[in-house]
Amino acid sequence: MADGSPETFKEPDITVDSKKLAELNEQKDALLSKVTTLKKELQDWRSKLDTQVKTYRAEVGDLRKTLNTEVEGLRAEFMELKTALKQQLELTAGLAAQEVNDAEARLAHLQAQD
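Using our numbering, you'd call the opening residue of the sequence shown number 125 and step up by one each time.
Dropping the structure here:
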């Protein structure tokens with residue numbers, strides 16, 4: 125260039141080592157194979173996960189139904205016990221009132237005898 129001549133275009137040396145190219149192709153194929161395998165494994169994993177989620181949802185639904193049935197049964201039992209207790213309290217109050225009336229009648233009878 126110092127001599128003033130125009131720049132000469134030099135073509136880059138594009139000699140590719142066929143051994144290196146084959147090695148790179150093998151690596152590319154191995155990576156593509158690995159990616160394909162990983163995609164397949166991911167699909168399988170998602171499928172298994174979806175199946176498990178469906179199974180667990182069904183189980184939770186069944187448990188919820190069972191729980192609701194048991195809760196309804198307990199409510200019914202509670203209402204029966206509440207009714208029975210109310211009746212017992214009413215009976216006890218009635219008996220107590222009767223005892224008081226009987227005691228008052230006896231007292232009045234005893235006082236009348238004196």
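From the three backbone atoms N, C-alpha and C, an ideal C-beta is built for every residue, glycine too.
Opening and closing residue of the alpha helix (DSSP H) in which residue i lies
| i | result |
| --- | --- |
| D141 | Careful: D141 lies outside any alpha helix (DSSP H) and carries neither H nor E. |
Own chain residues within Cβ distance below 7 Å of residue i, not counting five before or after
| i | result |
| --- | --- |
| E228 | none |
Min CB distance residue i to chain C below 8 Å
| i | result |
| --- | --- |
| N225 | The structure shown has no chain C; it contains just one protein chain. |
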